[in-house]
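Structure, as structure tokens:
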Amino acid sequence: MGKKQSLSRKIVTRIAALVTGCLLILILVSVTQVTKTVGDNISGELMNLAEQNATLIGTIMDSGFYIAEDMKDYMLEVYEKNTSLQNREHKSEVYSSLDLSITHFLAENYFIMSASGAISNEKTDIAEVGIYFEPNAFDTGISTYGFHMNESQATSNSVTPMTSYSQYSNEEYYTSALNSGNVEVSLPELQPDGRWMAYISQPVIYNGETKGVFVARVVTSNFSRLKSEDSRYDSLNVSVMNQNYITIYDSEEDTFMLGSPLTAYQEKSAQAFQAEVSKGNQFSIETTRVLDNVVHMRYLYPIEVGDEVWWSQLRMTKSDYQSSTMLIAIALIAMSAMAIVVLVIGAGIIISKMLHPITNIVTATESIKNGQLNISLDTSSRDEIGILANNFIAMSSNLKGIIQETQSTLTEMSQGDFSLSKGINATYPGDFAPIKVALEEICKTLSSTLAQINVSAELVTDGSENIAKGAVELAEGATDQANIVDKFITTTEDIGNGINGTLEQVESTSQLSREAKDKASQGTDAMNKMLSSMEDIHKSSLVIAEVLKTVDSIATQTNLLALNAAIESARAGEAGKGFAVVANEIRDLANRSSQTVKEIEEIIKESLSHIAEGQNMANATEQSLQEIVQTVDKTADFFEELVVNTQAQKESLTDLLEGTQQISSVAQTTAATSEESASISQELAKQAENLNTLLKYFKFN
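When we follow the numbering used here, the leftmost residue of the sequence shown carries the number 1, and every step to the right adds one.
Right, here's the structure in full:
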């Protein structure tokens, strides 16, 4: 058994464990919620800051877009006007030797004043404005027209004119917009004065033809005004990235044109970063740096810069991002630990004081466990502990009465008295009642059982003698039965031998029948062949008869020809005598041929008659052979069935012989068993007498 532990300590331990578990769950939920809430707040705050920076970047760049687009719109209105009839009587402020129409003069003046106002305005970030046209695009006959104004010229509204088209025609700020037909934004470039500037090039397109390009030079160094510091986050920095992933500005390095940040990310982070950027919406993302595996939290907000999308980005290390939530989590854990300690100590003191009376009850239960039912307890308390003490005293008293009466009853049983003459008088409350019923039933059942055993013993004594007598008679009958079965086996074996001989003869006869069947079938086949040959002879005879008819017809015609020849020779007189002799010979030959044909015809008719009779006889013979074959088939089938039946009789007789042998074995076994039964019955009668002697010791109803 393990070390004994007090109830108060167990309760305190369990309460402490329960409270600790609940507080741990509460802390876990709280830390999770606080972490999420703080994280969401920080993320929202940083995203708002990224949005504010995006707005500032947009404002810086929009000033350039606005001035360039405004001048473009004005120039398009000029193109809509018909200036061909206007006199060129106004001196150009850019080219002193150039005369302009009133419309173009006003346009030039508008461009100069707009550029001056945009550069001089403190709210804008424009350092230079340029106006550049294709040859003859500003006005017919003006091959070169272009100028630019910088900050030093803006105060005096002076400009620097382009003296030739080649001065600007190959510059990137001009060719990029001229060729693409779209607004182009260049990458920032470092200027001699140490500032970074980017060009915004606005093409002027009229009727599908690019007339020129208006350029605004924006000071991107002013990106340094972006908010990039916060006392709560030491690692906070901002940057600006264009749609080609080129960092235009970074506050950590305080420089421009750092190249693509993707090269600094691990491959997985770079892929996720590109996937989010491709969506074009604001987003936050974790990235891991290749150099030192530092994880950064990044917040990006899109900026529409002309036709491009730039990104305002804030970043900080993940450890810096999580520092606030970690402090809150540590504070919650510390306060919870203090609450657990105070709760456990207070609960231990209160519970120990309340459970002190249970110690006496525990001592009483130890006495009852050891078989000492005389216990004494303080029952003055009215609470559950006092009720428990009273119940223990009553339980001890009831157990004592039950045990004493059970002991008395069992003592009487051990002395052979199952009559329960003194009765059961103790109190058996509640679940103890079945004990009383069980004792009464035990005595009643044992008493009844002993009485039945006594009667059964007497019956066994009488029955065993009868069994012994019957067993002797059964043994004698079984012996006679075995002798009879042996004689039957001998007779059955003789019958079996006779059936075997019959089976051999039947099989020989069946074989002869099959051979006779084969011979008859061969005779039938030969007769069929003979009938076929006679049919062929009959057909040949008919053919010969037809040929003879033809020969007879030829002889008749020959006779007529010979007669005609004789007549003609007679007419010829002496000259025809020789021919008459030949004609007579031919007539004789024809007559003899005709006679011979008739004789052959008679012979053929007689042959056909004989052939017909032969066919009839052959058909009759074939019919007889078929009947013989059928008879032989039936005989063969009969003998085959006889063989099968004889074989079945043989098998049945074999089964009968085996069964008879089994009967003989059983009869012999029965005889032996009967002799053993007689011996056992005699022993049983002897044991029954001994049982009667033992039962006289017991007292029962």
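Each residue gets a CB set at the ideal place from its N, CA and C atoms; glycine is no exception. Note that the coordinates shown come from a computational prediction; the quantities given were computed from them, not determined experimentally.
Contact check, residue i vs residue j, beta carbons under 8 angstroms
| i | j | result |
| --- | --- | --- |
| Phe432 | Asn391 | no |
| Ser633 | Lys517 | For the record, residue 633 in the displayed sequence is Asp; it is not Ser. Contact flag set, yes. |
| Ile375 | Ile402 | no |
| Ser664 | Ile489 | yes |
| Glu134 | Thr210 | yes |
| Glu189 | Ser201 | no |
| Ala678 | Thr461 | no |
| Met71 | Ser116 | no |
| Met316 | Ser239 | no |
| Asp139 | His90 | no |
| Ala702 | Val597 | Any answer about residue 702 is impossible in this case: the structure gives the chain only from 1 up to 701. |
| Ala648 | Ser510 | no |
| Ile142 | Leu98 | yes |
| Leu653 | Ile495 | yes |
| Met527 | Leu625 | yes |
| Met61 | Val218 | yes |
Distance between residue j and residue i (C-alpha atoms, nearest Å)
| i | j | result |
| --- | --- | --- |
| Glu77 | Tyr66 | 17 angstroms |
| Glu627 | Ser521 | 11 angstroms |
| Glu476 | Leu694 | 37 angstroms |
| Pro302 | Ser269 | 19 angstroms |
| Ser312 | Tyr74 | 33 angstroms |
| Ala264 | Leu291 | 7 angstroms |
| Met1 | Arg14 | Confidence at Met1 is low in this model, with a pLDDT of 48, below 50, so its placement is unreliable and the value that follows should be read with caution. C-alpha separation (whole angstroms): 21 angstroms. |
| Asp40 | Tyr321 | 11 angstroms |
| Asn370 | Thr406 | 19 angstroms |
| Leu608 | Arg592 | 24 angstroms |
| Glu683 | Asn454 | 18 angstroms |
| Thr155 | Thr288 | 50 angstroms |
| Ser186 | Ile25 | 57 angstroms |
| Ile205 | Ile131 | 14 angstroms |
| Met338 | Thr20 | 11 angstroms |
| Val367 | Asn360 | Strictly speaking, residue 367 in this sequence is Ser, with Val absent from that position. So the alpha carbons of these two residues sit roughly 11 angstroms apart. |
| Thr550 | Ile544 | 10 angstroms |
| Glu601 | His538 | 14 angstroms |
| Ile611 | Ser594 | 25 angstroms |
| Lys487 | Gln661 | 11 angstroms |
| Thr32 | Ala334 | 16 angstroms |
| Lys81 | Ser101 | 12 angstroms |
| Glu574 | Leu548 | 38 angstroms |
| Tyr173 | Glu93 | 24 angstroms |
| Tyr79 | Glu69 | 15 angstroms |
| Ser396 | Pro429 | 12 angstroms |
| Ala590 | Ser569 | 18 angstroms |
| Ser681 | Leu474 | 13 angstroms |
| Cys443 | Gly470 | 39 angstroms |
| Asn281 | Lys318 | 22 angstroms |
Cut-off 8 angstroms between Cβ atoms - residues of its own chain near residue i, not counting five sequence neighbours on either side
| i | result |
| --- | --- |
| Glu276 | Phe283, Ile285, Leu300 |
| Ala16 | Ile340, Leu343, Val344, Ala347 |
| Asn497 | none |
Residues near residue i in its chain [Cβ-Cβ closer than 7 angstroms; skip 5 each side]
| i | result |
| --- | --- |
| Leu656 | Thr492 |
| Ser221 | Arg195, Trp196 |
| Glu151 | Ile119, Ala127 |
| Lys123 | none |
| Asn242 | Ile248, Glu308, Trp310 |
| Ser513 | Val632, Thr635, Ala636, Phe639 |
| Glu108 | Ser92, Glu93, Val94, Leu100 |
One or two residues paired with residue i in a DSSP bridge
| i | result |
| --- | --- |
| Gln313 | Ser239, Leu300 |
| Asn288 | Note that residue 288 is Thr in the sequence shown here, rather than Asn. Val295, per the DSSP bridge assignment. |
| Leu100 | His90 |
| Val305 | Glu308 |
| Tyr265 | Arg289 |
| Phe111 | For Phe111, which the question treats as bridged, DSSP gives no partner whatsoever. |
| Asp230 | Tyr233 |
Residues near residue i in its chain [Cβ-Cβ closer than 6 angstroms; skip 5 each side]
| i | result |
| --- | --- |
| Asp230 | Leu236 |
| Met47 | Tyr299 |
Min CB distance residue i to chain D below 8 angstroms
| i | result |
| --- | --- |
| Asn690 | Protein chains in the displayed structure number just one, and chain D is not present. |
Cβ-heavy atom distance, residue i to the ligand ATP, below 7 angstroms
| i | result |
| --- | --- |
| Gln668 | This structure lacks the ligand ATP, and indeed carries no ligand of any kind. |
Handout entry: Completely contained beta strand (DSSP E) runs for the stretch 198 to 228, where each covers 3 or more residues
Key = Entirely contained in the stretch 198 to 228, the beta strand (DSSP E) runs reaching 3 residues are, in chain order, 209 to 219.
Practice task
List in chain order: all unbroken beta strand (DSSP E) runs of 3+ residues lying wholly within the stretch 333 to 360.
Solution key: None, since the stretch 333 to 360 contains no complete beta strand (DSSP E) of that length.
Practice task
Tell me the start and end of each unbroken alpha helix (DSSP H) in the stretch 116 to 190 that is at least 4 residues and wholly inside, in chain order.
Solution key: Segments of the alpha helix (DSSP H) lying fully in the stretch 116 to 190: 151 to 154, 166 to 169, 172 to 180.
Practice task
Only counting runs of 4 or more residues, tell me where the alpha helix (DSSP H) segments fall wholly within the stretch 5 to 68, in order along the chain.
Solution key: The qualifying runs do not exist here; there are none.
Handout entry: Within the stretch 620 to 666, ranges of the alpha helix (DSSP H) (whole runs, at least 4 residues)
Key = Annotation note: the stretch 620 to 666 contains no uninterrupted alpha helix (DSSP H) run of length 4 or greater.
Problem - Start-end ranges of the alpha helix (DSSP H) lying completely within the stretch 514 to 538, minimum 4 residues - result: Within the stretch 514 to 538, no run of alpha helix (DSSP H) at least 4 residues long lies entirely inside it.
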